[in-house]
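Numbering (this note's numbering), first residue to last: 949 to 1150.
Ideal Cβ positions, reconstructed from N, Cα and C, are used throughout, including at glycine.
What you are looking at is a predicted structure, and each value in this text was computed from that prediction instead of being measured.
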């Protein structure tokens, strides 16, 4: 059964794909991340099974480690496709997020020498960092987590001289109820089997 047309948008590069009324610090989301030009960097589907490339395998490892590095998040379901990744992500808005974003294999994006106190953290966001604070507040934990994941995969590809690039933005849909969750979960589970009818098929 195909997904309803309103589950995706045909164009990802839009002024803002974020819902302005939602802070993205709690809830359940259906996330889609595409490769640049929808190239098959993650592997190929053969005989109804996804055959992951080296970078595809690494991306899958990073997905498995996301909750470890982002304790406020749970990966409910995911699938790595040739040119995109789908995730169902549950964010707990009541869990205090860490002061730094950890990425795959424990690599920190900021590499601080010590964990700042809450007072130091607040102070660091004042003055010259006021603009960045506003951006972080709008993007919330979901964007921070996806951004760290994308950077990890890109870094791995660069270090291993593997051609790779992400599409700049990612798309998310807020899952509002149980029926919608079942519909999205069924889509993710059967994405590989329905590849040739998928809108991302190239």
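The Cβ-Cβ distance between residue 1017 and residue 983 does not fall below 8 Å.
Residue pairing by DSSP places residue 978 opposite 1036, 1121 in a beta bridge. Around the C-beta of residue 1098, 16 or more other C-beta atoms lie within 10 Å, and the residue is accordingly described as buried. Boundaries of the alpha helix (DSSP H) harbouring residue 1129: 1126 to 1137, taken from the DSSP string. For residue 991, the enclosing beta strand (DSSP E) has its first and last residue at 991 to 994.
In the three-state reduction of the DSSP assignment, residue 1098 falls in the helix class, which pools H, G and I. Closest by C-alpha distance to residue 985, out of 1008, 1023, 1117, is 1117. Put simply, the backbone Cα of residue 1112 is about 14 Å away from that of residue 1000.
Annotation for residue 1029: no alpha helix (DSSP H) segment contains it, and DSSP assigns it neither H nor E. At the C-beta level, residue 1034 and residue 980 come within 8 Å of one another. The three-state reading of DSSP puts residue 999 in strand, counting E and B together. Looking only at 997, 978, 1003, the smallest Cα-Cα distance to residue 990 is reached by 1003.
A residue is called buried when at least 16 other Cβ atoms come within 10 angstroms of its Cβ; residue 1124 does not meet this threshold and is exposed. A residue is called buried once 16 or more other Cβ atoms fall within 10 Å of its Cβ, and residue 1141, having fewer, is exposed.
Residue 996 has its alpha-carbon roughly 10 Å from the corresponding atom of residue 1139. Sorting 992, 1135, 1092, 1121 by C-alpha distance to the C-alpha of residue 1014 places 1092 at the top. If you compare the alpha carbons of 993, 1088, 1103, 992 with that of residue 1010, the shortest gap goes to 1103.
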